[in-house]
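Participant: Sharing a structure below in structure tokens format, with a few things to ask.
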Ligand code: GLU
């Protein structure tokens, strides 16, 4: 007995040393890429129990291989504005891991985009996509282009220029981009048109998030937001809690937020606040999702306009204070690092019971520690927001079949996928001695499939 315990202790120390050394190598190789380092640290740290139990992964240098993208493409995107001025932006595509399927992941158009942001998103996508149970690898892309205030024709010219270059690197069996912040159905449409023109053939499965008229899938638009809520609902039910009757704060007012608000409301919760980069709205009667949809999806207006139509609601400048609103459930659906240690503590002191990450990496590492050390149920992004990319994979499947499934069919599949992700993550957390810790559970469940596929395919 003593010998076994001693052996386990040695393996644990070896695993810790291996993870530490692999992380230091990532820091050295990617200096100043703070977001990428943050995403890597969260995953690496949670894999210690896996390496202690299965030391063969260490001999395979699995972390060194996983944290180095298979390919990173950076390119020039020149475009002309409506006044005839020439602009140059930088475009990216990271093809991070193709062990279990073609690279898959969205495109983000936002001024904050740089190599670090793209790599953090691409790295997260590997594990998220694996968790969906669908055959999709990890990729991500985007540009530092700022769509805010641009005319429709400027957006179209930018998308066409972006795709002129990207088209050389993607394909339905190679790499399948989709939307993310700043890229929705309109942008996907312009890019699809340009891809088709350049390839001279109809390859429907090259992009997902397409319009319903030309190969898009029902429920893709709603999938990330609905998926987060299905996941949180499952997590709460498992612990004897209910979403029904709860007060919810949802940050953001983009695609993820809108459909999270819609689903929470449908399931009997009340969303009292949402935000954009200018500020947040507090509506004690419950946010009117139709107003948010019209303001954001149709008119491209600011959230400050909401109070014109709903004068009882209140608007506050600056968005980080949204976490000072007391709530039972917090759904950060805006962007990375929007909840820091201070906001996490504030949410806890106001009695939050569950947190579901709709955005990618919305909580800092310190905030995650605060949530895990308290009694809050914490649903990490890789698991909770995987519904979007899961339905993207269903869109690819429909495109391959040249068929379209009904709304009910896709929604039922989405629900089942979110339930499976919860079960797989919880089971992994139990198997590796961190029962109930979904951060560790999701990372381990996502990791094992990709790592085993990589090892089975030789030194790739
Ligand atoms: N951008 C989404 C994500 O972060 C969806 C990606 C996709 O559908 O490929 O997962």
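Numbering (the working numbering), first residue to last: 4 to 463.
The C-beta atom is built at its ideal place from N, Cα and C for all residues, glycine as well.
1) Assuming residue 28 and residue 67 are in contact, meaning their beta carbons sit under 8 Å apart, how far apart are those beta carbons, in whole angstroms?
2) Would you identify the three-state DSSP class for residue 324, choosing helix, strand or coil?
3) Quick check on residue 410: buried or exposed, where buried means 16 or more other Cβ atoms within 10 Å of its Cβ?
4) The ligand GLU heavy atoms versus the CB of residue 339: any closer than 7 Å?
5) CA-CA distance, residue 242 and residue 192?
6) So what's residue 221 in DSSP terms, helix, strand or just coil?
7) Can you tell me the Cα-Cα spacing of residue 118 and residue 341, whole angstroms?
8) For residue 1, write down the residues that DSSP places opposite it in a beta bridge.
9) Would you kindly work out how many angstroms separate the C-alpha atoms of residue 43 and residue 312, rounded to a whole number?
10) Buried or exposed for residue 49, please, with buried defined as at least 16 other CB atoms from any protein chain shown within 10 angstroms of its CB.
11) Say yes only if the C-beta of residue 183 is nearer than 7 Å to one or more non-hydrogen atoms of the ligand GLU, and no if none qualify.
12) Quick check: the region 140-155 against the region 175-194, are at least 3 beta-carbon pairs closer than 8 Å?
13) Roughly how many angstroms lie between the CA atoms of residue 230 and residue 6, to the nearest whole one?
14) Just list the beta strand (DSSP E) runs in the region 367-423, keeping only unbroken ones of 3 residues or longer that don't cross its boundaries, in chain order.
15) Do residue 294 and the ligand GLU come close, with the Cβ less than 7 Å from some heavy atom?
16) Under 8 Å, do residue 138 and residue 98 count as touching if we go by C-beta distance?
17) What did DSSP end up calling residue 142 once you bin it into helix, strand or coil?
18) State yes or no: is the C-beta of residue 179 within less than 8 Å of the C-beta of residue 210?
19) Would a C-beta distance cut-off of 8 Å place residue 60 and residue 454 closer than the cut-off?
20) Just to confirm my understanding: we take residue 265, look at its own chain, exclude 5 residues before and 5 after, and list those with CB closer than 6 Å. What are they?
21) Write down every uninterrupted run of the alpha helix (DSSP H) in the region 96-152 whose length is 4 residues or greater and which is fully enclosed by it, in chain order.
22) Find out if the Cβ-Cβ distance for the pair residue 199, residue 261 is shorter than 8 Å.
23) Is the beta carbon of residue 258 within less than 7 Å of some heavy atom of the ligand GLU?
24) Give the single residue among 53, 25 and 81 whose Cα lies nearest to the Cα of residue 11.
25) Using only the heavy atoms of the ligand GLU, determine whether one of them is closer than 7 Å to the beta carbon of residue 388.
26) Using 7 Å as the cut-off, classify the Cβ of residue 107 as near or not near the heavy atoms of the ligand GLU, replying yes or no.
27) Would you kindly report the start and end of the unbroken alpha helix (DSSP H) that includes residue 335?
28) If you scan the region 151-213 from start to end, which runs of the beta strand (DSSP E) of 3 or more residues do you find wholly inside it?
Facilitator: In short, the structure shows the following:
1) 7 Å
2) helix
3) exposed
4) no
5) 42 Å
6) Residue 221 falls in the coil class under three-state DSSP.
7) 20 Å
8) Since the first residue of the chain shown is 4 and the last is 463, residue 1 is not available in this structure.
9) 44 Å
10) buried
11) yes
12) Yes: at least three Cβ pairs fall under 8 Å.
13) 46 Å
14) Under the rule that a run must span 3 or more residues, the beta strand (DSSP E) segments found entirely inside the region 367-423 read 380-382.
15) no
16) No, the pair does not count as a contact, with Cβ atoms beyond the cut-off.
17) Reduced to three states, the DSSP call for residue 142 is strand.
18) yes
19) yes
20) 292
21) 118-134
22) no
23) no
24) Of the candidates 53, 25 and 81, the one whose C-alpha sits nearest the C-alpha of residue 11 is 53.
25) yes
26) yes
27) Note, residue 335: premise wrong, no alpha helix (DSSP H); beta strand (DSSP E) at 332-335.
28) 178-181
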